[in-house]
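Chains as they are written, first to last, in this note's numbering: chain D, 1 to 429; chain P, 1 to 194.
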């Protein structure tokens, strides 16, 4: 970090109401009424984009008065890859690998979000077994994303031990992911109308083992953090935002619920039959960093509950079909494509032409670990979308950061930024 | 709706989603009406984006996804903007603060100007980006400039071209910058790509 006292009025170019370029002052250069040169005491600090505590290539320009933040200006876009543009040149199934790379801490949930939106657009109803497996994928993603969050936030605030525990548990989920999809990070798990693969034999038992041991690890993290004086001092009352304001800022996920708004897409706009699972949605009351921590910790316990119920249902669906039985949507098995004329034609048409979606448009939001991941498709009857829009939860949550950092101490900016739970792959897309 | 505000062009559904089309001049008024009217109460802005269609004749649409958290209901408001006219629509930042970055993104990606936005500038692309608005359909996948031109510009760019003014003010090497660069910075000019 490099600092220098500001000597002139800083400005950034902006577009005025009439469309002309104007310059918006960056600081508050008006001199103090008593004639003292207050502005000269202000200091600019550049945080990131190569700073480990910014959780990715996020750059914050902070204007400080002493140690207090007067203004925080986030700069994003360092990881911009143009996913939404690329999606317009791809078949619906070919977009799925792109979703792995948006929120790369919960790739399986992103895959599910895209597949569900494409199925809504095409009017496809998936099988019971497929939706149970997708619930497992979503909840595993929630657990690993929150585990990463908990470990790294602990490190940011000086607690190293829970990081090792949470990353150990996360590694076990990655092993499960690898056994299921063949990849640890770029899972590309779903297909429109079904899944890329069924779970291998013996996988359910490993998942059951994981569900048994995860709560023990969480209990240990709970014992270290929840009533820890240092942890409470660093997080309670920091970065607080109220109910009305949280709604006004369009926050979603744990950020919204920590502020006391009981909105969870799984409960309030159920998908994948979430309304048939028995689980609770934790809701905070103060909307500070501590409440966000409590909400995320409890969500992991609840995800474990959902996983156990899903495993019970999966046992009853042994041998049930996984994919929809529509040869225009789902690829035939390779052996049939090589031996059966009709299967080969369907295989050829799907690979070369893709699956066309009828003209129309749809928005579908799912409850991702970071918040509401929305997928907005506009189709014109071809196999490629006219517009594929991701509603990026951490982008919208991060937009609130300048408000949360106002008046906070510089050291609290680290805690607040961590509590937003951002992932730059999704923010920059 | 009991009293229907002026400016609603049509109401329709697609894939079960309820959608209304609103004329650009009335857009902000209708959105405010939807937010504040009892019985509507669409108090949550889920998403704000835009769509450019492959058919060049079709207008570009700014899309607002609204939600009523009390009523658990969603509504999509679409505002068609004629592409032969300047793409301008009123900002809703004063209604929903969450619209701030979303409107900046639409401005960056589609070139739609939001009248009354407090700080409308590019957000994902850099400030000196000169190729246009990437999500427009007339924007080629690899950009307007050739790869050779993009490389040439990257190699020939002034070192300060990628830095914003506030960044340069932080640089320890400010005193060592050439005289003309310091003059331009003091005059409030940004770096440029030659």
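From the three backbone atoms N, C-alpha and C, an ideal C-beta is built for every residue, glycine too. Source: prediction; values computed, not measured.
(request) Report buried or exposed for residue 242 of chain D, applying the criterion of at least 16 other Cβ atoms within 10 angstroms of its Cβ. (result) Residue 242 of chain D sits at position 242 when you count from the first residue of the first chain. Flag for residue 242 of chain D reads exposed.
(request) Could you give the DSSP three-state label for residue 140 of chain P: helix, strand or coil? (result) Residue mapping note: residue 140 of chain P aligns to position 140 of the second chain, counting from 1. Coil, per DSSP.
(message) Considering only their Cβ atoms, is the gap separating residue 91 of chain P from residue 105 of chain P smaller than 7 Å?
(response) Within the second chain, residue 105 of chain P is the residue found at index 105, counting from 1. Within the second chain, residue 91 of chain P is the residue found at index 91, counting from 1. Not a contact, by the Cβ cut-off of 7 Å.
(message) Beta carbons nearer than 8 Å to chain P: which residues of the stretch 105-122 of chain D have them?
(response) 120, 121
(request) Tell me whether the beta-carbon of residue 208 of chain D lies closer than 7 Å to the beta-carbon of residue 311 of chain D. (result) Here residue 208 of chain D refers to the residue found at position 208 when the first chain is read from its first residue. Here residue 311 of chain D refers to the residue found at position 311 when the first chain is read from its first residue. Yes.
(request) From the DSSP output, read off the bridge partner residues of residue 363 of chain D. (result) Against the first chain, residue 363 of chain D aligns to sequence position 363. D/376.
(message) Would residue 9 of chain P pass as an interface residue toward chain D - the criterion being a Cβ-Cβ separation below 7 Å?
(response) Stepping through the second chain from its first residue, residue 9 of chain P is reached at position 9. It does not; no Cβ of chain D falls within 7 Å.
(request) Use the C-beta contact count for residue 183 of chain P: other C-beta atoms within 10 angstroms, 16 or more gives buried, fewer gives exposed. (result) Within the second chain, numbered from 1, the residue matching residue 183 of chain P stands at position 183. So residue 183 of chain P ends up on the exposed side.
(message) Residues of chain P with CB closer than 8 Å to the CB of residue 376 of chain D, please, in chain order.
(response) Taking the first residue of the first chain as position 1, residue 376 of chain D is located at position 376. Within chain P, the residues near residue 376 of chain D are 47, 49, 63, 65.
(message) So, at 6 Å on beta carbons, what are the nonlocal neighbours of residue 143 of chain D in its own chain, with the 5 sequence-adjacent residues on each side left out?
(response) One-based indexing of the first chain puts residue 143 of chain D at position 143. 300, 303.
(request) Determine the direct distance from the alpha carbon of residue 244 of chain D to that of residue 70 of chain P, and round the result to whole angstroms. (result) Counting from 1 along the second chain, the entry for residue 70 of chain P is found at position 70. Counting from 1 along the first chain, the entry for residue 244 of chain D is found at position 244. Whole-angstrom Cα-Cα distance: 13 Å.
(request) Return yes when the C-beta of residue 102 of chain P is under 6 Å from any heavy atom of the ligand SAH, and no when it is not. (result) Within the structure as shown, the ligand SAH is missing, as the structure has no ligands at all.
(request) Leaving aside the five residues before and after residue 44 of chain P along the sequence, list all residues of the same chain whose C-beta is less than 6 Å from its C-beta, in chain order. (result) Here residue 44 of chain P refers to the residue found at position 44 when the second chain is read from its first residue. The residues are 67, 69.
(message) Please list the terminal residues of the continuous alpha helix (DSSP H) segment that includes residue 180 of chain D.
(response) Residue mapping note: residue 180 of chain D aligns to position 180 of the first chain, counting from 1. It spans 161-181 - the alpha helix (DSSP H) in which residue 180 of chain D sits, taken as one unbroken run.
(request) In the DSSP assignment, find the alpha helix (DSSP H) that holds residue 17 of chain P and state where it starts and stops. (result) Numbered from 1 along the second chain, position 17 holds the residue referred to as residue 17 of chain P. No alpha helix (DSSP H) holds residue 17 of chain P; the beta strand (DSSP E) holding it covers 17-22.
(request) Go ahead and pull the three-state DSSP assignment for residue 40 of chain D. (result) As a position in the first chain, residue 40 of chain D is number 40, starting the count at 1. Residue confidence is low: residue 40 of chain D scores 49 on pLDDT, short of 50, so the model does not pin down where it sits. No coordinate-derived value is stated.
(request) Using the Cα positions of residue 392 of chain D and residue 110 of chain D, report the straight-line distance between them to the nearest angstrom. (result) As a working mapping, residue 392 of chain D is identified with position 392 in the first chain. As a working mapping, residue 110 of chain D is identified with position 110 in the first chain. In a straight line, the C-alpha of residue 392 of chain D is about 11 Å away from that of residue 110 of chain D.
(request) Tell me, please, whether the CB atom of residue 58 of chain P is closer than 7 Å to any CB atom in chain D? (result) Taking the first residue of the second chain as 1, we reach residue 58 of chain P at position 58. So, not an interface residue.
(message) For residue 175 of chain D, count the other beta carbons within 10 Å of its own beta carbon; 16 or more makes it buried, fewer makes it exposed. Which is it?
(response) Position 175 of the first chain, counted from the start, is the residue given in the question as residue 175 of chain D. The residue is exposed, with fewer than 16 neighbouring Cβ atoms inside 10 Å.
(request) Check the Cβ-Cβ distances between residue 83 of chain P and every residue of chain D, and say whether any is below 7 Å. (result) Position 83 of the second chain, counting from 1, holds the residue named residue 83 of chain P. It does not: the Cβ of residue 83 of chain P has no partner Cβ on chain D nearer than 7 Å.
(request) Please compile the residues from chain D whose C-beta is within a distance smaller than 8 Å of the C-beta of residue 98 of chain P. (result) The sequence position of residue 98 of chain P within the second chain is 98, counting from 1. The answer, in chain order, is 248, 249, 250, 251, 396, 399, 400.
(request) Would you mind telling me which residues of chain D sit closer than 8 Å to residue 17 of chain P, beta carbon to beta carbon, in chain order? (result) Sequence index remark: in the second chain, residue 17 of chain P carries index 17 (1-based). Correct list: 361, 362, 363.
(request) Express the C-alpha separation of residue 152 of chain P and residue 61 of chain D in angstroms, rounding to a whole number. (result) For the purposes of this step, residue 61 of chain D is taken as the residue at position 61 of the first chain. For the purposes of this step, residue 152 of chain P is taken as the residue at position 152 of the second chain. Cα to Cα, residue 61 of chain D sits roughly 30 Å from residue 152 of chain P.
(message) Do residue 81 of chain P and residue 60 of chain P count as a contact pair if the criterion is CB distance below 7 Å?
(response) Residue mapping note: residue 60 of chain P aligns to position 60 of the second chain, counting from 1. Residue mapping note: residue 81 of chain P aligns to position 81 of the second chain, counting from 1. The answer is yes: Cβ separation under 7 Å.
(request) Please confirm whether residue 39 of chain P and residue 249 of chain D have their CB atoms less than 7 Å apart. (result) As a first step, residue 39 of chain P must be located in the second chain, where it is residue number 39. As a first step, residue 249 of chain D must be located in the first chain, where it is residue number 249. In this structure, residue 249 of chain D does not lie closer than 7 Å to residue 39 of chain P by Cβ.
(request) Determine, using beta carbons only, whether residue 53 of chain P comes closer than 7 Å to chain D. (result) Translated into positions along the second chain, residue 53 of chain P becomes position 53. Output row for residue 53 of chain P: interface = yes.
(message) By the three-class DSSP mapping on this structure, what secondary structure does residue 204 of chain D have?
(response) Within the first chain, residue 204 of chain D is the residue found at index 204, counting from 1. Of the three classes helix, strand and coil, the one that applies to residue 204 of chain D here is helix, per DSSP.
(request) Could you tell me which chain D residues have their CB closer than 7 Å to the CB of residue 20 of chain P, listed as they occur along the chain? (result) Within the second chain, residue 20 of chain P is the residue found at index 20, counting from 1. Result: empty, since nearest Cβ-Cβ is about 13 Å, beyond 7 Å.
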